[in-house]
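Step one of this worksheet: look at the structure below.
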Amino acid sequence: MTPRHALLALVVVVIWGLNFVVIDLGVADVPPLLFVAMRFLLVSIPAIFFIKPPGIGWRNVLFIGLFLSLGQFALLYLSLALGMPPGLASLLVQTQIVLSVAISALVLRELPTRRQLIGIVIGMIGLAVVVVGHIASAPWLPVVIALLAALSWAIGNVLSRRAKAASGLSLVVWSGLVVPIPSAALALVVNGPHAVGVALTHLPLAAILSTVYTAVFASLIGYGIWNSLLTRYPTSAVVPFTLLVPVIGILAAWVAQGEVPAATELLGGAIMLGGLAAAVITRRGPVPLVE
Numbered sequence: 001m002t003p004r005h006a007l008l009a010l011v012v013v014v015i016w017g018l019n020f021v022v023i024d025l026g027v028a029d030v031p032p033l034l035f036v037a038m039r040f041l042l043v044s045i046p047a048i049f050f051i052k053p054p055g056i057g058w059r060n061v062l063f064i065g066l067f068l069s070l071g072q073f074a075l076l077y078l079s080l081a082l083g084m085p086p087g088l089a090s091l092l093v094q095t096q097i098v099l100s101v102a103i104s105a106l107v108l109r110e111l112p113t114r115r116q117l118i119g120i121v122i123g124m125i126g127l128a129v130v131v132v133g134h135i136a137s138a139p140w141l142p143v144v145i146a147l148l149a150a151l152s153w154a155i156g157n158v159l160s161r162r163a164k165a166a167s168g169l170s171l172v173v174w175s176g177l178v179v180p181i182p183s184a185a186l187a188l189v190v191n192g193p194h195a196v197g198v199a200l201t202h203l204p205l206a207a208i209l210s211t212v213y214t215a216v217f218a219s220l221i222g223y224g225i226w227n228s229l230l231t232r233y234p235t236s237a238v239v240p241f242t243l244l245v246p247v248i249g250i251l252a253a254w255v256a257q258g259e260v261p262a263a264t265e266l267l268g269g270a271i272m273l274g275g276l277a278a279a280v281i282t283r284r285g286p287v288p289l290v291e
């Protein structure tokens, strides 16, 4: 991967790491499924009037939207609303790395190199150290839901890689259209019309700012860059960067919410950084596309 693209991947990592605390602030006052609908409504409107469709067929757009946007974030927001600490959430969803590489190997025949595989294994060992040290503080249901969010993200990664949209931003905007109606409908069923109406008519400033951040920075900028990288490089070369997301997420939760990391989290984070370096730093220049 070129230095410029590696730097762009790191920018996405920082945006996504901060995103967990930002989402947690929003779901404190807004039903999670409604919050997802608000986010992706802002992602797609008015952008669809200025950005052309990605040109990958509507079926691809639909399935990428279902997994990468609706499935991942509906489950993540629900997990946080049920009490999942944002720092721990940022860790658990990184199981998508192993899932992405495994699904990519099965579906796309993109086998990771030995170096990448070793780096991913080291990173996941670090993740396991952190989770084992932190898991006792989280109820089991939010944990399961967060892991399902990771599975949905992994499937979306592979679908995005296979589709190879010319514009990552276009894919984010148009696949985001899949989200608002089913997410809002589920919110009406789960929370009831009265709760949804009260939330919409009494939006606090924190929820508004959270929606703007998650829509503009995490989705339009973050996923716009991410999807572009997935079209240029194999999945196994891109997804290891997300091992840094929980490092940023834990630090953000520590600073913003007093979620002090334990010694196991700090140790695991260091191991994860070593795994990332082993997976993505090479001496031979850019990683070629696997066709």
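With the UniProt record's numbering, the residue at position 248 of the sequence shown is 248, and numbering never jumps.
Virtual Cβ for every residue (Gly too), placed ideally from N, Cα, C.
Can you look up glycine 222 in the DSSP assignment and give me helix, strand or coil? In the structure shown, glycine 222 adopts helical secondary structure according to DSSP, grouped into three states.
Helix, strand or coil for tyrosine 213, going by three-state DSSP, please let me know. DSSP places tyrosine 213 in helix when its eight states are reduced to three.
Below 8 Å CB to CB, which residues in the same chain sit around valine 173 once its five sequence neighbours on both sides are set aside? Hits under 8 Å: Val43, Ser44, Ala47, Ile48, Ile51, Leu220.
With DSSP run on the structure shown, which of helix, strand or coil describes methionine 272? In the displayed model, methionine 272 falls within a helix according to three-state DSSP.
Start-to-end residues for the alpha helix (DSSP H) that takes in proline 182: Looking at the DSSP string, the run of the alpha helix (DSSP H) that includes proline 182 is 180-191.
Would you call threonine 201 buried or exposed, if buried means 16 or more other Cβ atoms sit within 10 Å of its Cβ? Its Cβ having fewer than 16 others within 10 Å, threonine 201 is exposed.
Return the residue from the list Leu34, Val21, Ile23 that minimises the CA-CA distance to valine 189. When Leu34, Val21, Ile23 are compared, the shortest CA-CA separation from valine 189 is found for Leu34.
Quick one: measure Cβ to Cβ for alanine 9 and valine 238, integer angstroms, because I've assumed they're closer than 8 Å. By a beta-carbon distance limit of 8 Å, alanine 9 contacts valine 238. Their separation comes to about 7 Å.
Do three or more CB pairs link the region 116-130 to the region 166-181 at distances below 8 Å? At 8 Å Cβ cutoff, the stretches do not touch.
Return the first residue and the last residue of the alpha helix (DSSP H) that glutamine 72 is part of. Per DSSP, glutamine 72 belongs to the alpha helix (DSSP H) from 72-81.
Taking the alpha carbon of threonine 242 as the reference point, which residue from Ile15, Trp254, Ala199, Ile56 has its own alpha carbon closest? Answer by Cα proximity: Ile15.
Is it buried or exposed for proline 139, if we count other Cβ within 10 angstroms and need 16 for buried? By the C-beta density criterion, proline 139 is exposed, having fewer than 16 other C-beta atoms within 10 angstroms.
Please report the residue range of the alpha helix (DSSP H) in which isoleucine 248 lies. That run of the alpha helix (DSSP H) goes 245-257.
Entirely enclosed alpha helix (DSSP H) segments - the UniProt domain "EamA" (6-131), minimum 4 residues: Runs found: 32-44, 58-64, 72-81, 86-92, 96-107.
Spatial neighbours of alanine 215 in its chain, beta-carbon cut-off 7 Å, leaving aside the 5 residues before and after: Cβ within range, chain order: Arg39, Leu42, Val43.
For proline 31 and glycine 126, what's the separation of their Cα atoms in angstroms? Taken atom to atom, the span from the alpha-carbon of proline 31 to that of glycine 126 is near 33 Å.
Less than 8 Å between the CB atoms is what I'm expecting for leucine 99 and valine 131, so what's the real figure, rounded? About 15 Å; that fails the 8 Å criterion.
If you draw a straight line from the C-alpha of tyrosine 213 to the C-alpha of valine 22, how long is it? Going from the Cα of tyrosine 213 to the Cα of valine 22 covers about 8 Å.
Ordered along the chain, which non-local residues of its own chain (more than five positions away) have a Cβ less than 8 Å from that of isoleucine 225? Within the same chain, Cβ atoms closer than 8 Å to the Cβ of isoleucine 225 are found at Leu8, Ala9, Val11, Val12, Gly168, the five residues on either side in sequence being excluded.
Round the Cβ separation of valine 93 and alanine 146 to the nearest angstrom and send it over; I've been treating them as touching at under 8 Å. Rounded, the Cβ-Cβ distance is 6 Å, consistent with contact.
Within this structure, are the beta carbons of isoleucine 120 and proline 240 separated by less than 9 Å? In contact: isoleucine 120 and proline 240 (Cβ atoms closer than 9 Å).
Which class does threonine 264 belong to by DSSP, given the choice of helix, strand or coil? Looking at threonine 264 - three-state DSSP - the assignment turns out to be helix.
Would you report the Cα separation of glycine 275 and arginine 59, rounded to the nearest angstrom? Roughly 36 Å separates the two Cα atoms.
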